[in-house]
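Protein chains in written order, with the numbering used here: chain W, 1 to 365; chain P, 1001 to 1365; chain H, 2001 to 2365; chain X, 3001 to 3365.
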């Protein structure tokens, strides 16, 4: 049950990079939700390589999902929704030589041990970033169901190689989310975006790659969602977000910065605004004791630099157990964080929809 | 199922801060494991307030666990192991006045919404840091079972209020773990420890608190543990670690720092050492594609400053919906990260034991 | 995670027959439910040996539960409710000789293999019927929460050794449930009860035991609870009911008898009664496609005869691998089905409450 | 998460009867298992309508599975295996009129309530018996993996309309399983089979249907598989078997018959045969305390008569809430038990493989 997450809403991802198709099965979607397939297509397209122009890989992945079940006349029917994307344009020859020499930073070696050398690791196999396309199908659907209830999800590229974007304001609007999503790269501060662009292009030009962070926010989530200890919003988001390839860190609200603060600085004072309990600041990221406060949820994930780089690297031949330098060919994104922005939105939306489904129950949703 | 985690090994925590007892039920422990109760007691004592001297709360919590089941003559019998700690020395009057005015940074308000005002929130209720005591029972047992197989777990206070300890070396030894655990505060660099001590005492003197980070490492974990996407070591650790009160961030290996690196800097080159595949660096924290590399696991959690501070804070009376300043009395730790060091070890050990049990199967453990 | 069940409501049972205490942890109970402890005590007492007079074992098990958490002033507080029963009056010497010679029909041999000889099997260990006492605590609480919503659970001894009681009427009343529960044995037809009594006493007199069946019904469950395929009411009840020791069969509605019927006989015609959709018959046991119809749920479980009999039996010495006749001493129920009647109610109530909690959500319950 | 089951091996079924495709995703298959696709095809064909000649529906369902992922060159690669079957030859017009008038014995009414009238119930929707085809894909794969380890699964039509086949012998051979599978209907006693055939044809001729039972056995399962209370072999099989449409009862070993026996009759004496512990009889169905004894597993499921019958039935129009007689057109099996024989094998095999994977661990399988 490795490639599944969720409780009331259960998302299972399948497929290898170079297999026949990749896809997702979503069990537990409420019935009667109208899904705008054109809007879903636009959401998925934000993740596609072409969307980022020269900043991303030159591979073409049309990513046209085919919905096999669960949707009739554009409306969810309550049964599992399975959608697939057929694989084309795969150049397996690029990877053939890699089998015996694991790529540093990739799952080649660990999958070799885990699966006794039987895993189909061409193109990264089931570990490939390509598997985030089905996640975007699930997330794009969740985003529409949430939006119909006034809950909005947005994300931006918060940093690249140390160049930082601005932070989301205390209460980001839906319009801001749309504006950011329309930019390449998707940032709040366009000057920072220009600088990031330069950093990414420079890394690519040097046959290298660069890391980044993505900040995601969810507005409109009512207070009182989540449960204590191991079933809180942080636990559930973390369990899912670390499933996005290349994520190596995650923080909520002030996050790691809170570890350098005093309590008097970090505590968010309660106030009444418009007859509702709010907090003046949101260092807790909208979550106290694992339960939502009613303020926006704010989370940031750290993405490592793309491990696939064209520079020569040190590795070992698993057959001979001798050192063997490695030069990776093929087409790769110089910065995975860039295309991960909609993926963060997608996974976050699925988790929040799942948790709201539990709170409301399938009989009351 | 909020207060449980684990798959092959299932840990359920129960109890409120001011109830009759707190405790833990552990289902899935392998049979035939000898548990040294004196050693377990010493482990649990590391978390107790007294262990940190003046740096922690003056409450006395004897934390003597009573094992109700699952252990016969000091050996696990394969059945669920339930252990409880009776509550004493609780001064509920300290909290009585707080019911209507939620403490900033605490779960008072979110629990009020979640449970419709019915939760027993005296002393923090089920959200209290006191619930980490049963986690230490589970973890102390897991640590012994792992140690019998050459797998060791250690942690240190990595920073307090921005004052940083050194990082664990590439391959920390069991002796280093023991040495660090014997120190107050538990640090690698004793000069950093002195500075942290001053920061904590200063915060306490100013009726304030301060945040910190804890770094944890596990050595001896074989390569090949974990599964792709949502059932990797990072997912499982994250889902559990965010259950420790006050954790707001988590990272593996280079973590957030990796987001500022180039791929050529962050990728860990494979080498052969002593006939085994190792990596020259360990920026991945011993995990690639969710699966262990055989190198030490390294994770760091960010703890927010203790939300309970004696300084006057802004809040709201939930009955009148009017602003009402709040002054928290009672005894509180000025830095929760300090006592969280063994808790990080405990939770990490339980997760790793759980994942190894899955890999080995109960018939082969 | 062997000794747990449930999703929104999670019940974990712990303890061995001859350990320090047995108990149950219930995670997910809604907050604000008033529990009448005297009524709970009366429910648990129905399972106690004394309740069945001469028909049951002469062991004394006071079964006084101590609630450690989750209940404040008789009201659930939303946090896990843990309750324990201390073990007394255990005569371990009775079982000492059995270790090497497994009792036919018991888990001695299978536990020996499963736990490598390390399980504490005195008195049946964790497999003992005594573990149904904590199930009755959980069930007694669930029954009260359901009753507050007009949902009632009742059961009767449906047969013993082939002697059959009447069946529940199409729509049993709460009063009928109470009446049956007040009888010894708990039956609908008292003449059948007299005959069963004779069958049980005869079996006991002959140092033997006898099997039986228990029929359970739940009224007031609204239509629309449950989900298709593997998460229907039958699946969930079955997964839990087979956890009651000695259950070897389970059927819903007409059950096995339906396999001998024509569709025209077995299909339940829909009618409108009092403005509501009902069915004229209830051969489906209130469940179609795994989902409740709004008619009473009806299920029957088959209990094998108590495996502990005083007659000499054939067995094998596991050390010598030679045949060794076995004579079981100690005090045993000649018919486990008798005391299983409240246990069926308990487990059924927990499952139905769990499923209604999912349908309603914790925010709307 | 309604349409999933399993722990180490997780099977998710998707699709509606009249949607684009139905299918199954299997997560957790061990890597390196060679799957004979021709043999898989033959297994699936046993469930197909044509296989039963005149005894089954005249619908044509080619049921050719397309494997999208998880299998490379006929060998499992450790990643999720997703397989689909495209839907053709569906005559939706047959069902159009049924929307407002629920068919007795079907999930029409309960799904209407559960999904607020939004479910796509054409052809039974996701509740259709057609969804057993993907279960047979999963089961056919599990059967091959088990057979490679000397574990064999077989089933036969144990009764139809009260006409009983013989029971499996104490230790059925693989050859017997093959022989039975080759017969139409699949029975042990061919004379009983002739009689069943007559009963089925007679029911069909009378525009009616008839129920039946299926007995399934698994040989070669080692002792010691399974866990106590709620994670035993019976619990796990029951949770899955009740997911096969039309199952209303399930029993293990002597099952309901044990409820009429004395302990001295029902207990299975331990003996040593060929140096191994065996039992002289197998009334426990190979399971004691939820754990396998090493004897064959034996289970029997009761299938209700096909609810779709052409005879006029009483029902209600959900729009007008007035009685409305119903005549179901379309093509239906007069006895679902007949085609359920391979489905029982399939589901049983998946559960047993899942439980053995847990026992062995993925690192040792």
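The C-beta atom is built at its ideal place from N, Cα and C for all residues, glycine as well.
Continuous beta strand (DSSP E) assignments of at least 3 residues falling wholly in the region 127-211 of chain W: Runs of the beta strand (DSSP E) lying entirely within the region 127-211 of chain W and spanning at least 3 residues, in chain order: 152-160.
Cβ closer than 8 Å: which chain P residues qualify as neighbours of residue 2015 (chain H)? Per Cβ cutoff of 8 Å: 1068, 1069, 1079, 1080, 1082.
Where residue 3007 (chain X) falls: helix, strand or coil (DSSP): Of the three classes helix, strand and coil, the one that applies to residue 3007 (chain X) here is coil, per DSSP.
DSSP-derived helix/strand/coil call for residue 44 (chain W): In this structure, residue 44 (chain W) counts as helix in the three-state DSSP scheme.
Consider the Cβ of residue 226 (chain W): report whether some Cβ of chain H lies at a distance smaller than 8 Å. Closer than 8 Å: no.
Reducing DSSP to helix, strand and coil, say where residue 2214 (chain H) ends up. Residue 2214 (chain H) sits in a strand when the DSSP states are folded into three classes.
Grab me the residues of residue 1217 (chain P)'s own chain with a C-beta within less than 7 Å of its C-beta, minus the 5 sequence neighbours each way, in chain order. Cβ within range, chain order: 1154, 1168, 1172, 1296, 1297, 1298.
Within 8 Å (strictly less), CB to CB, does residue 364 (chain W) reach chain H? True, the Cβ-Cβ gap to chain H drops below 8 Å.
Report yes or no: is there a C-beta of chain W within less than 8 Å of the C-beta of residue 3115 (chain X)? Judged by the 8 Å Cβ criterion, residue 3115 (chain X) is in contact with chain W.
Check whether the Cβ of residue 3112 (chain X) lies closer than 8 Å to any Cβ atom in chain W. Using a CB distance cut-off of 8 Å, residue 3112 (chain X) does not count as an interface residue toward chain W.
Taking the straight line between their C-alpha atoms, what separation do you get for residue 3332 (chain X) and residue 3004 (chain X)? In a straight line, the C-alpha of residue 3332 (chain X) is about 26 Å away from that of residue 3004 (chain X).
Cross-chain neighbours of residue 373 (chain W) in chain P, by beta carbon under 8 Å: No statement about residue 373 (chain W) is possible, as the shown extent of chain W runs from 1 to 365 and does not include it.
Terminal residues of the continuous alpha helix (DSSP H) containing residue 3237 (chain X)? Segment 3233-3241, the alpha helix (DSSP H) holding residue 3237 (chain X).
Relative to the C-alpha of residue 1109 (chain P), which residue among W:150, W:277, W:165 is closest? Minimum Cα distance to residue 1109 (chain P) is reached at W:277.
By the 10 Å Cβ neighbour count, where 16 or more other Cβ atoms means buried, how is residue 2215 (chain H) classified, buried or exposed? Per the 10 Å Cβ criterion, buried.
Would you mind sorting residue 1274 (chain P) into buried or exposed? The rule is 16 or more other CB atoms within 10 Å of its CB. Label assigned to residue 1274 (chain P): exposed.
State whether the region 29-49 of chain W contacts the region 77-85 of chain W, with contact taken as three or more CB pairs (one from each stretch) at a distance under 8 Å. The region 29-49 of chain W, when compared against the region 77-85 of chain W, does touch it at the 8 Å Cβ threshold.
For chain W, check one thing: does any of its Cβ atoms lie closer than 8 Å to the Cβ of residue 3028 (chain X)? Residue contact check for residue 3028 (chain X) against chain W: a CB pair falls below 8 Å.
In the DSSP output, which residue or residues are listed as bridge partners for residue 313 (chain W)? Partner(s): W:326.
Are there 16 or more other CB atoms within 10 angstroms of the CB of residue 3118 (chain X), so buried, or fewer, so exposed? Counting Cβ neighbours within 10 Å, residue 3118 (chain X) comes out buried, since at least 16 surround it.
Could you check the C-alpha separation between residue 3281 (chain X) and residue 3268 (chain X) for me, to the nearest Å? Between the alpha carbons of residue 3281 (chain X) and residue 3268 (chain X) lies a distance of about 5 Å.
With DSSP collapsed to three states, give me the class of residue 2019 (chain H). Three-state DSSP puts residue 2019 (chain H) in coil, outside helix and strand.
On the DSSP bridge list, what partners appear for residue 951 (chain P)? It is not possible to answer for residue 951 (chain P), since the shown part of chain P is limited to 1001 through 1365.
Contact criterion: CB-CB distance below 8 Å. Does residue 1249 (chain P) meet it with respect to chain W? At least one CB of chain W lies nearer than 8 Å to the CB of residue 1249 (chain P).
On a CA-only basis, which of P:1351, P:1263, P:1213, P:1345 is nearest residue 1300 (chain P)? Give me that one, please. Distance check between residue 1300 (chain P) and each of P:1351, P:1263, P:1213, P:1345 places P:1213 closest, using alpha-carbon atoms only.
Is the distance from the Cβ of residue 2263 (chain H) to the Cβ of residue 3305 (chain X) below 8 Å? It is a contact, given that the beta carbons lie within the stated cut-off.
Buried or exposed for residue 3313 (chain X), going by 16 or more other Cβ atoms inside 10 Å? When all chains shown are included, residue 3313 (chain X) counts as buried.
Enumerate in chain order the residues of its own chain whose CB-to-CB distance from residue 1307 (chain P) is below 6 Å, with the five nearest sequence positions on each side excluded. A distance below 6 Å between beta-carbons, with the five flanking residues on each side excluded, links residue 1307 (chain P) to the following residues of its chain, in chain order: 1105, 1106.
In whole angstroms, what separates the C-alpha of residue 2181 (chain H) from that of residue 3353 (chain X)? Cα-Cα distance, rounded: 42 Å.
Starting from the C-beta of residue 1237 (chain P), find all residues in its chain whose C-beta is less than 7 Å away, skip the five residues before and the five after it, and write them out in chain order. So the qualifying residues of the chain are 1299, 1348, 1351.
Can you tell me the Cα-Cα spacing of residue 1260 (chain P) and residue 211 (chain W), whole angstroms? Using only the alpha carbons, I get a separation of about 6 Å.
Chain-ordered neighbours of residue 3361 (chain X) on chain P, where CB pairs are closer than 7 Å: Here the neighbours are 1358, 1359, 1360, 1361, 1364.
For residue 1266 (chain P) and chain W, any beta-carbon pair shorter than 8 Å? Yes, residue 1266 (chain P) lies at the interface with chain W (some Cβ there is under 8 Å from its Cβ).
Pairing CB atoms from the region 3154-3164 of chain X with CB atoms from the region 3132-3145 of chain X, are three or more of them under 8 Å? Not touching, per the Cβ criterion.
Distance CB(residue 3233 (chain X))-CB(residue 3226 (chain X)) smaller than 8 Å: Result yes, Cβ atoms of residue 3233 (chain X) and residue 3226 (chain X) sit closer than 8 Å.
Compare the C-alpha of residue 2286 (chain H) against each of H:2222, H:2075, H:2358, H:2241 and name the closest. It is H:2222 whose Cα lies nearest to the Cα of residue 2286 (chain H).
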